[in-house]
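Those sequence lines, one after another, are chains A and B.
Quick note, the first sequence lines up with residues 1 to 114 if you use my numbering.
Quick note, the second sequence lines up with residues 115 to 230 if you use my numbering.
C-beta: ideal position from N, C-alpha, C; glycine also.
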Amino acid sequence: GQNIDQPTEMTATEGAIVQINCTYQTSGFNGLFWYQQHAGEAPTFLSYNVLDGLEEKGRFSSFLSRSKGYSYLLLKELQMKDSASYLCAVRDSGYGGSQGNLIFGKGTKLSVKP
Amino acid sequence: GAVVSQHPSRVICKSGTSVKIECRSLDFQATTMFWYRQFPKQSLMLMATSNEGSKATYEQGVEKDKFLINHASLTLSTLTVTSAHPEDSSFYICSARSPRANYGYTFGSGTRLTVV
């Protein structure tokens, strides 16, 4: 079956660094996405990994290990506005009937405190 | 580029009535759109995949006759919740595939449906 795990909640201090982990077990793999979602709003794209390694984008970095079925999102220099839910999503193979849709984890609610 | 407009953002309806949610791609042609539902503190759950000009593909457990999806043009997909019940109250989000948008996906702003 399809399974994506990430911690439910995390708390960090303003200015600090936080790492949000994601492990996945899916029937196919065609990329892993991280999204940020504020309550009542649609997800916004943060990062995309399809090859092993680290992708850096400003204060956000994302890492992928396909052999381990593991990814993490690293947020540096935390700001209060970073308080949100962070969703890990895997795109399946895109063949057959699935058409490459995204499978989402339940999200990690990050609270940034002063 | 690659903007998806979703309307309405909020809707309150009475039990037994139907509600239509629209998802429009404003500056690109969306051959495939996805409809998600999200309950409080839960993840986005894929309901169905719609392809322009053909029938939608529904995920297991999603009632086709209750959640009607129409993708009649390359820029518009609609989700109609028929005979709505309070348990249908949720946050509905559409997503469209676009090669120009974040490696293929852009999301609408979501619709908060409350059935009373």
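Problem set entry | Cβ-Cβ distance between A:L87 and B:S223 below 8 Å | no
For this session: Return no unless some Cβ of chain B is closer than 8 Å to the Cβ of A:D5.
Result: no
Problem set entry | Residue environment, A:M115, which counts as buried when at least 16 other CB atoms sit within 10 Å | This structure cannot settle anything about residue 115 of chain A, because the visible part of chain A is limited to 1 through 114.
Exercise. Buried or exposed: B:F153, going by 16 or more other Cβ atoms within 10 Å of its Cβ?
Worked result: exposed
Exercise. Who does A:E41 pair with in a DSSP beta bridge?
Worked result: Its beta-bridge partners do not exist; DSSP assigns none.
For this session: From the DSSP output, in three-state form, read off A:D5 for me.
Result: strand
Exercise. If you draw a straight line from the alpha carbon of B:R226 to that of A:K109, how long is it in whole angstroms?
Worked result: Going from the Cα of B:R226 to the Cα of A:K109 covers about 20 Å.
Exercise. Taking Cβ positions, are B:T189 and B:A144 nearer each other than 8 Å?
Worked result: Yes, the pair counts as a contact, with Cβ atoms nearer than the cut-off.
Problem set entry | Member of A:G107, A:S71, A:T26, A:K68 whose CA lies at the smallest distance from the CA of A:N3 | A:T26
Exercise. For B:E201, does the three-state DSSP call read helix, strand or coil?
Worked result: Correct three-state label for B:E201: helix.
For this session: Spatial neighbours of A:S71 within its chain, please: CB distance less than 7 Å, with the 5 preceding and 5 following residues excluded, ordered by chain position.
Result: C22, L32, N49, S62, F63, L64, C88
Exercise. List, in order along the chain, the chain B residues whose C-beta lies closer than 7 Å to that of A:F63?
Worked result: In chain order: nothing, as chain B lies at least about 17 Å away.
For this session: Establish whether the CB of A:N101 and some CB of chain B are separated by less than 8 Å.
Result: yes
Problem set entry | Residues that DSSP places opposite B:V176 in a beta bridge | In DSSP, B:V176 forms no bridge with anything.
Exercise. Which of the three DSSP states, helix, strand or coil, is assigned to B:G224?
Worked result: coil
Problem set entry | Contact residues within the segment 68-88 of chain A, judged by C-beta distance below 8 Å to chain B | L87
Exercise. If you run the structure through DSSP and keep just helix, strand and coil, what is A:K68?
Worked result: Of the three classes helix, strand and coil, the one that applies to A:K68 here is coil, per DSSP.
Exercise. Do you know how far the Cα of A:Q6 is from the Cα of B:G175?
Worked result: 24 Å
Exercise. When the Cα of A:I103 is compared with those of B:E173, B:G130, B:P200, which residue comes out closest?
Worked result: B:E173
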